[in-house]
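Line by line, the protein sequences give chains A and B.
With this note's numbering applied, the first sequence covers 195 to 446.
With this note's numbering applied, the second sequence covers 195 to 446.
Have a look at the structure below before the remarks.
2 protein chains.
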Amino acid sequence: MSWLKIIGLGPGADSLRTPEASAALAEATDIIGYGPYVARVPHAPGQRRHETDNRQELERARHALALAAEGARVAVVSSGDAGVFAMASAVFEALEGGPAAWRALDVAVLPGLSAMFAAAARLGAPLGHDFCALSLSDNLKPWPLVEQRLRAAAGAGFVIALYNPISRARPWQLGRAFAMLREMLPGDVPVAFATAVSRPEEAIAIQPLAEADPARADMRTLVMIGTAQSRLVPRGAGQRPWLYAPRSARSP
Amino acid sequence: MSWLKIIGLGPGADSLRTPEASAALAEATDIIGYGPYVARVPHAPGQRRHETDNRQELERARHALALAAEGARVAVVSSGDAGVFAMASAVFEALEGGPAAWRALDVAVLPGLSAMFAAAARLGAPLGHDFCALSLSDNLKPWPLVEQRLRAAAGAGFVIALYNPISRARPWQLGRAFAMLREMLPGDVPVAFATAVSRPEEAIAIQPLAEADPARADMRTLVMIGTAQSRLVPRGAGQRPWLYAPRSARSP
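Structure below.
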């Protein structure tokens, strides 16, 4: 039986990958994805690996569907959850625009742990009340829409998790976002930078919004912006405070 | 060594619980949580189980901290991710308000797969672009704030995942939310009802917003409201269409 499974690998550590995902990866004949994600998949004998560039999502999705149509068991892999700013949407776009026969393929999405939850767990419980997830990339949407969404979210008191905060090609967007948010939120609202959580190079910092420094972020960073109701709980010397959102919310 | 771990069990199926969570559960001396969640934890010899009512979050959190302070290895369990409308915030609230000694405890949060990702995976990729998660319960926030957040999210084009959509004590809120959203969004925006995903009683339905029926939801349901840009991809007879959010977004 051929199939196509779109698999979220989780944030990095093997111990955060679901058993469901691990079982499917072991049975796949073909692993397809962005190189660094494919490299995270344990090797299985005879398995073919197709490592592609980060930008070629739609071509990669069509390739995966074509392989499954030829009889392969294809795993398309993403970091985190494949449905969150990752490959799942690209596969369904390709499927919608492709040959009718593709719609009869055995396609499934296997969920994974998205970066914001791994980051939140390290920090405490910053997402403990209403929150939103927003890609700061303006590659696939106009920048004014990003600003509109940031304003709507901050104005209504959502905690904001920012994916794709910065890259070499998008150096100014995060600073612009912080500047906008400083006009709407108190300067002591906590901003967390969580980089490569659960991987060896993990790094975490919390800064007040007034001083939040975009240079803290890179492509592996999840940036989380709290609200005026976010709480910091000091711990012992040398330990980061816990950051959490109270269960009860007041109007912002 | 005593510790307190706040653990997300995932949406239900064992195959969606992280290996990290399973390992900690096996080593705990005490499991604490809402009865149906504690019942999901595999039995380990000599382990004590403390099943409490759903409403007593803060008391349960204090109990857990007190046990850890006495030397126990305590697992506080939640369904999904413990940081999403679940026990993690309650533990940090209890910790903040409790004895200073509690701040020296070895506390950690182990992330889990939240219901909206399990639901999204079954549906396709409905969260493929910006989205928010909102509890529809007005037990811990004023209802006007819920309405404000729904309006902000829908107005800015976020996909909306509604947690706690309905209960015996909160029968009208979901209908009110649909009525509000009908004034803002086209009637054909897809609304998904995903109940008990990955458990034996799993049930999924998609309806257009114009006809969305609150009676489809119960306490185990995650309700997801798409946007005018959400796509439905028909499949073969007897199969639900795929639902996905395109990677590119236009202004709503």
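Beta carbons: idealized from backbone N, C-alpha and C, even for Gly.
- The C-alpha of Met281 of chain B lies about 47 Å from the C-alpha of Pro293 of chain A.
- At least one CB atom of chain B sits nearer than 8 Å to the CB of Leu289 of chain A.
- Judged by DSSP in its simplified three-state form, Trp366 of chain B adopts coil rather than helix or strand.
- Here Gly229 of chain B has Glu245 as same chain residues with Cβ atoms under 6 Å from its own Cβ, once five neighbours each way along the sequence are excluded.
- Residue-level contact by beta carbon holds for Glu214 of chain A and chain B, with a gap shorter than 8 Å.
- Per DSSP, reduced to three states, the secondary structure at Glu377 of chain A is coil, with no helix or strand assignment.
- In the DSSP assignment, Met310 of chain A falls within the alpha helix (DSSP H) that extends over Ala309 to Leu317.
- Gly351 of chain B and Leu375 of chain B have their C-alpha atoms some 12 Å from each other.
- Taken atom to atom, the span from the alpha-carbon of Ala346 of chain B to that of Phe372 of chain B is near 14 Å.
- Here the C-alpha atom of Gly277 of chain B lies approximately 7 Å from the C-alpha atom of Ala315 of chain A.
- For Glu253 of chain B, there is no enclosing beta strand (DSSP E); the enclosing alpha helix (DSSP H) has its first and last residue at Glu251 to Ala263.
- Contacts between Val278 of chain A and chain B, judged by CB atoms closer than 7 Å, involve Leu321 in chain order.
- Residue range Thr415 to Ile419 is occupied by the beta strand (DSSP E) that includes Val417 of chain A.
- Among the bridge pairs identified by DSSP, Gly227 of chain A is matched with A:Glu245 and A:Val271.
- Excluding five sequence positions before and after Asp224 of chain B, the CB atoms of its chain that fall closer than 6 Å to its own CB belong to Arg242, Leu261, Ala266 and Val268, given in chain order.
- Distance between Val235 of chain B and Leu304 of chain B, taken at the CA atoms: about 15 Å.
- Within the same chain, and ignoring the five residues on either side of Asp275 of chain B in sequence, the residues whose Cβ sits closer than 6 Å to its Cβ are Gly202, Pro305, Gly306 and Ser308.
- Around Ala222 of chain A, the same chain offers Arg267 and Ala269 as residues with beta carbons nearer than 6 Å, after the five sequence neighbours per side are excluded.
- Distance from the CA atom of Gly318 of chain A to the CA atom of Trp436 of chain A, rounded to whole angstroms, is 5 Å.
- Neighbours of Leu403 of chain A in chain B, taken as residues at a C-beta separation under 7 Å, are lacking, since the least C-beta distance is about 19 Å.
- Of all residues in the region 255 to 280 of chain A, the ones placed with a Cβ closer than 7 Å to any Cβ belonging to chain B are Asp275, Gly277 and Val278, in chain order.
- In terms of beta-carbon proximity, Pro408 of chain B stays away from the interface with chain A, with every pair separated by 8 Å or more.
- Ser283 of chain A: member of the alpha helix (DSSP H) spanning Met281 to Gly291, first to last residue.
- Cβ atoms of Gly204 of chain B and Leu210 of chain B come within 8 Å of each other, at about 4 Å.
- Under the 8 Å criterion on CB atoms, Ala315 of chain B is classed as interfacial with respect to chain A.
- In the three-state scheme derived from DSSP, where H, G and I count as helix and E and B as strand, Gln401 of chain B is classed as strand.
- Ser331 of chain A has a beta carbon lying at 8 Å or more from every beta carbon in chain B.
- For Pro213 of chain A, the enclosing alpha helix (DSSP H) begins and ends at Pro213 to Glu221.
- Put simply, of A:Gly206, A:Leu416 and A:Ala443 the residue whose alpha carbon is nearest the alpha carbon of Pro359 of chain A is A:Leu416.
- When C-alpha distances from Arg364 of chain B are compared across B:Met413, B:Val383, B:Gly322 and B:Ala288, the shortest belongs to B:Met413.
- The beta carbons of Ala255 of chain A and Ala288 of chain A sit closer together than 8 Å.
- Taking 8 Å as the CB threshold, Ser196 of chain A stays off the interface with chain B.
- Excluding residues up to 5 positions away in sequence, Gln401, Leu403, Ala406 and Ile419 lie with their Cβ nearer than 6 Å to the Cβ of Val385 of chain A in the same chain.
- DSSP places Pro338 of chain A inside the alpha helix (DSSP H), whose first and last residues are Trp337 to Gly349.
- If you look at Ile200 of chain A, you'll find it in the beta strand (DSSP E) that goes Trp197 to Gly202.
- Looking only at B:Gly206, B:Leu356 and B:Ala348, the smallest Cα-Cα distance to Ser445 of chain B is reached by B:Ala348.
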